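In our numbering, the protein residues as written are 587 to 938. C-beta atoms are modelled at their ideal positions from N, C-alpha and C, and glycine is treated no differently. None of the values given here were measured: they were computed from a predicted structure. Note sheet for the following structure.
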Amino acid sequence: MKTSDFDFHLPSDRIALEPAEPRESARLLCVSHGAYSDRVVAELPQILRAGDVLVMNDTKVIPARLTGRRPPRDETGQGATVEFTLHRSHGALEWAAFAKPAKRLAVGDLVSFSDRLTATVIDKGDEGECRLQFDGEAASFMERLSAVGTMPLPPYIASKRAPSARDLSDYQTTYARVDGAVAAPTAGLHLSDALLDGLRAAGIEFAFLTLHVGAGTFLPVKAERVKDHRMHSEWGDISTDTADQLNLAREEGRRIVAVGTTSLRLLETAVQPDRSFKAFQGETDIFITPGDQILSADLLMTNFHLPKSTLLMLIYAFGGTEIMKRAYAHAIEAKYRFYSYGDACLIERAAA
């Protein structure tokens, strides 16, 4: 497969810069074996079946975008300003980050973000990546970070508008609880507390897992051949209780509905050849492309993804390449809103 096989043209006005209000008023394209229906997310209690298990990623997005200043290196007394996006934790106080412009930094530089938040550059890598060791107590790090950091909006939003105070809540699921993501599991952004109550009342069961979404989710596939792409790694956790809950649902013939590609990737990491689940905790770099057999989920709720992205490759694998190409063409023609703050689709797994 070539990366160019996953390209399509999207008019720029289809990129959503703000979420739907309320969350569940977003449109929902239901895709079932080549047939499409135009619905809204608020109708999920009527679309899903009693007994279905909705699997949600409870990772919490941290305010990972920071502006800091390093000390001056000459008599001018002016230190350089550098923007950072934290993207991967290597411990409570050590983080990998993308720096812009990275050329202004050297290993050993002490960067100040506020009176309470400073960090030392302990390593520099390729393509603007560096490693920061933050000072102070680990227990207060998130509180200190939240005081100065902003939400790490995706590039296609951040390039068109500045982060706002509303993004602190808009770019976070209502059930987020485990700090660590630098990008939101965006399918879950549509699920308001009121909608979750409606789903419970309809007999829908909830299961939770954690996958800390990294900045690599936005990286384009640059390799000409898909198989040459190096997939980024992310940390995930499926508890024994969640694995048992999913195994019971499978034994009883109930459907598993993954909310978001992040949930699906972790489910596929933990699922066994007999379609049972085991608890999992650790790194996953699973790369799902057309031709791979999906064992874990029966349906996938997800937003509309970027051309040539690993996420688009995943949904082609899940729903079928030709079916999903036609679905995306329909979504563009019908003026669905795309990407993180955009509309959603609910896809039934293609027959093996």
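- The C-beta of I708 has fewer than 16 other C-beta atoms within 10 Å across all chains shown, which makes the residue exposed.
- The bridge partners DSSP lists for L886 are A844 and I933.
- One Cα belongs to A920, the other to R600, and the distance between them is close to 10 Å.
- The beta carbon of F863 lies closer than 6 Å to those of A829, L832, N833, A856 and V857 in the same chain, with the five residues before and after it left out.
- Three or more beta-carbon pairs drawn from the stretch 641-658 and the stretch 680-699 are found closer than 8 Å, and the two stretches are therefore classed as touching.
- Counting C-beta atoms within 10 angstroms of its own C-beta, P806 has fewer than 16 neighbours from the protein chains shown and is therefore classed as exposed.
- In the DSSP annotation of this structure, the continuous segment of the beta strand (DSSP E) that includes A767 starts and ends at V764 to A767.
- By the neighbour-count criterion, in which 16 or more other beta carbons inside 10 Å mark a residue as buried, F594 falls on the exposed side.
- Contact between F890 and F866 does not hold, since their C-beta atoms are separated by about 28 Å, which reaches or exceeds 8 Å.
- Where M642 is concerned, the enclosing beta strand (DSSP E) starts and stops at V639 to N643.
- When DSSP states are grouped into helix, strand and coil, K808 belongs to the coil group.
- Distance from A930 to A612 at the Cβ level is roughly 6 Å; contact confirmed, criterion being Cβ atoms closer than 8 Å.
- Close CB contacts of G789 within its chain, under the 7 Å cut and outside five residues either way in sequence, are with A636 and G637 (chain order).
- Secondary structure note for S755: its alpha helix (DSSP H) is the uninterrupted segment D753 to D756.
- DSSP places F866 outside any alpha helix (DSSP H); the residue lies instead in the beta strand (DSSP E), whose first and last residues are F866 to T870.
- The DSSP-derived three-state label of L603 is coil.
- Between R609 and L777, the CB-CB gap stays under 9 Å.
- For T706, the closest C-alpha among the options A725, D712 and F670 is that of F670.
- Excluding residues up to 5 positions away in sequence, R655 lie with their Cβ nearer than 6 Å to the Cβ of T667 in the same chain.
- For H673, the enclosing beta strand (DSSP E) stretches over residues T667 to S675.
- With respect to P771, T645 sits close: the two C-beta atoms are nearer than 9 Å.
- By the criterion of a C-beta distance shorter than 7 Å, S618 is surrounded in its chain by E934, once the five residues flanking it on both sides are discounted.
- For Q719, the enclosing beta strand (DSSP E) begins and ends at E715 to F720.
- Under DSSP, D709 forms a beta bridge with R717.
- Secondary structure at R747: coil, using DSSP grouped into helix, strand and coil.
- CA-CA distance, Q879 to Y914, rounds to 22 Å.
- If you draw a 10 Å sphere on the C-beta of R861, you find fewer than 16 other C-beta atoms in it, and that means exposed.
- According to the DSSP assignment, L881 belongs to no alpha helix (DSSP H), since it is labelled neither H nor E.
- At least 9 Å separates the beta-carbon of G822 from that of L850.
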